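Colleague: From first to last, the protein sequence lines stand for chains B and P.
Reading the first sequence from the start, the letters are residues 25 to 205 in the numbering used here.
Reading the second sequence from the start, the letters are residues 132 to 326 in the numbering used here.
Cβ coordinates follow ideal geometry from the N, Cα and C atoms, glycine included.
What you are looking at is a predicted structure, and each value in this text was computed from that prediction instead of being measured.
Pasting a structure here, questions to come.
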Amino acid sequence: MIKTNKFSKPARKRRWHYLIAAPVAAALVILTGVAPANAWYYSGGMPYATYSIKPWNYNSTWTTPMNNALASWNAHGKVNITKSSRAAAYVTVASYSAAWYGLYTPGTNTFNIKLNSRTLAAAAGVFANVSRSTFAHELGHSLSLADNPVTDSASLMKHNRNRNTLYSPTSWDNACVNSVY
Amino acid sequence: MRRCKNTSVTLGLGVLVLVMSGCSNPTVEIAADYPGFNSIKELTAVADFVVEVEIGESYFDVLLPTYEGEDPELNPLAGTDQKVPDSDSGEGAVPITVFKATVVASYLGGPAVGKTLEIQQLGGEAEGKRVVASDVRSLVEGERVLLFLDEYADAPAAILGGDAGLFVPADEGSFVSAAATEKQLTVSVDDLLER
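Laid out in structure tokens, this is it:
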């Protein structure tokens, strides 16, 4: 009887196959632009769920829901988003003549988020809830969650969610973050 | 010798991946949170006007942020000692693509047939990089589409919901939603004329 272990030749040969297959797969992703098969995955997220963002200096009408959105993500065991003046990531709240509520722009290990006061001030519902829901949604992108995930489960990332009642990550959102980080 | 060959193959492929990464065109994929619309009724309730247009040429531009008034919801700087950022600095600019479009049919108070209007879509160019909006269907020059639009005094009209208000011709006299990820809806010309 021939005993083998992970360092035996056949096993080592398989490890070489893996080493070759991994860069090939990576090359295919780059060439084809094909992201992981998960319909909820967004490639512009941060590499880690622990990162810093510049503090915001807006009036309390805005800072309260923004702080609450941040706290709702930090309640996730793997997420720790802190404020630091040295952080590269930042948020801009302003009025834009556009139809969107919020906008996420990824960078290299950073991002910026824009919240549109024009559309959010005009949105139906309680302002604090709607703005909190939007900021929490944008922070969801920083945690690699895509828009409009294909699922029957409730999600902060769906555009047709009720922003007046859904303004914190759901168990489904949390599970997705768990599988990335 | 064989081990050496395997090592070379692996290293070679690794270098190839790195080279391809560096050579690929810089594209930034941005993501926006839009209101969702579950019916034509919801779209028409919010739209400033609805038009069928033929899409023409496009150009890149940017939207600049504004901070006006004392309403604390509309102006996040109201009630603070924060200074309004200099608009000339370009800080907070959002890249857009502006399409010229010719009105083919007009509903709900839209411009007259034959008029030209400008329509913005998120994404364009910024700092030498191509900026594209994820999961939003882009307009294409030469196509005919039905649009539910939001109108602005200081900027081109915007399609409601990113592409939720974008419809393409389907069966005779009807249009079907062209949205990439939003709920698929259908609307007929008769429906629009009745509203």
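1) Within this structure, are the beta carbons of Leu167 (chain B) and Gly69 (chain B) separated by less than 7 Å?
2) Leaving out the 5 sequence neighbours to the left and right, which residues in its chain are closer than 6 Å to Asp192 (chain P) when beta-carbon positions are compared?
3) Along chain C, which residues have their Cβ under 9 Å away from the Cβ of Trp86 (chain B)?
4) Hey, out of P:Leu194, P:Ser265 and P:Glu325, whose CA is closest to Ala162 (chain P)'s CA?
5) Report back the beta-carbon spacing between Ala295 (chain P) and Tyr165 (chain P) to the nearest angstrom; my notes put them in contact at under 8 Å.
6) Have a look at Asn202 (chain B) and Pro193 (chain B) and give me their C-alpha separation to the nearest angstrom.
7) Please check if any C-beta of chain P sits within less than 7 Å of the C-beta of Asn184 (chain B).
8) Return the first residue and the last residue of the alpha helix (DSSP H) that Glu160 (chain P) is part of.
9) At a threshold of 6 Å, does Lys172 (chain P) count as lining the ligand MG (C-beta to nearest heavy atom)?
10) Could you list which residues in chain P have their beta carbon closer than 8 Å to that of Arg142 (chain B), in chain order?
11) What do you reckon, are the CB atoms on Leu163 (chain B) and Tyr66 (chain B) nearer than 7 Å?
12) In the segment 223-254 of chain P, which residues sit with their C-beta less than 8 Å from some C-beta in chain B, listed in chain order?
13) Considering only residues of the segment 225-305 of chain P, which uninterrupted beta strand (DSSP E) runs meet the minimum length of 3 residues and lie entirely inside it, listed in chain order?
14) Looking only at its own chain, which residues have a Cβ that is under 6 Å from the Cβ of Val320 (chain P), when we skip the five neighbours before and after it?
15) Inspect the CB distances between the segment 230-238 of chain P and the segment 163-182 of chain P and report whether three or more fall short of 8 Å.
16) I need the straight-line Cα distance from Asn153 (chain B) to Leu324 (chain P), nearest angstrom please.
17) What did DSSP end up calling Ala2 (chain B) once you bin it into helix, strand or coil?
18) Should Thr116 (chain B) go down as buried or exposed, given a rule of 16 or more other Cβ atoms within 10 Å for buried?
19) If you reduce the DSSP assignment to three classes, tell me which class Leu94 (chain B) lands in.
20) Does Asp192 (chain P) have its Cβ less than 7 Å from a Cβ in chain B?
21) Cutting at 6 Å between CB atoms, please list the residues of its own chain near Pro126 (chain P), excluding the five before and the five after it.
22) Between Ala122 (chain B) and Leu280 (chain P), is the Cβ-Cβ spacing less than 7 Å?
23) Which stretch, first to last residue, makes up the alpha helix (DSSP H) that contains Ala78 (chain B)?
24) Hey, Leu270 (chain P) and Ser141 (chain B) are a contact pair by Cβ (cut 8 Å); roughly how many whole angstroms apart?
25) Starting from Asn198 (chain B), trace the alpha helix (DSSP H) in both directions and tell me its first and last residue.
26) Taking the alpha-carbon positions, what's the Ala73 (chain B) to Glu258 (chain P) distance?
27) What first and last residue would you give for the beta strand (DSSP E) that runs through Thr317 (chain P)?
28) Quick one: what's got a C-beta closer than 6 Å to Ser108 (chain B)'s C-beta in the same chain, skipping five residues either side?
29) Spatial neighbours of Val204 (chain B) within its chain, please: C-beta separation below 6 Å, excluding the five flanking residues on both sides.
30) Which of the residues in the segment 253-269 of chain P, read from start to end, lie with their CB under 8 Å from any CB of chain B?
31) Determine, using beta carbons only, whether Phe209 (chain B) comes closer than 7 Å to chain P.
Modeller: In this structure, then:
1) yes
2) Ile227 and Val229
3) Looking at the structure shown, chain C is missing, and the protein chains on hand are B and P.
4) P:Ser265
5) 7 Å
6) 12 Å
7) yes
8) Element bounds for Glu160 (chain P): not the alpha helix (DSSP H) but the beta strand (DSSP E), Thr158 to Asp164.
9) Although the ligand MG was asked about, the structure shown includes no ligands whatsoever.
10) Leu205
11) no
12) Gly223, Val225, Ile227, Gln251 and Leu253
13) 225-238, 247-257, 260-264, 275-281, 288-290 and 297-300
14) The answer, listed in chain order, is Gly304.
15) Cβ pair count under 8 Å is three or more, so yes.
16) Between Asn153 (chain B) and Leu324 (chain P), the C-alpha separation is close to 36 Å.
17) Outside the shown range of chain B, which is 25 to 205, sits residue 2 (chain B), and nothing can be said about it.
18) buried
19) helix
20) no
21) Residue numbering for chain P in the displayed model covers 132 to 326; residue 126 (chain P) lies beyond these limits and cannot be assessed.
22) no
23) Checking the sequence shown, residue 78 (chain B) turns out to be Lys, not Ala. Per DSSP, Lys78 (chain B) belongs to no alpha helix (DSSP H) and is neither H nor E.
24) The beta-carbon separation of Leu270 (chain P) and Ser141 (chain B), rounded to 27 Å, does not stay under the 8 Å limit for a contact.
25) Element bounds for Asn198 (chain B): Ser195 to Val204.
26) 27 Å
27) Thr317 to Ser319
28) Ser76
29) Ser168
30) Of all residues in the segment 253-269 of chain P, Leu253, Val262, Ser265 and Asp266 have a Cβ within less than 8 Å of some Cβ in chain B.
31) Residue 209 (chain B) is absent from the structure shown; chain B starts at 25 and stops at 205.
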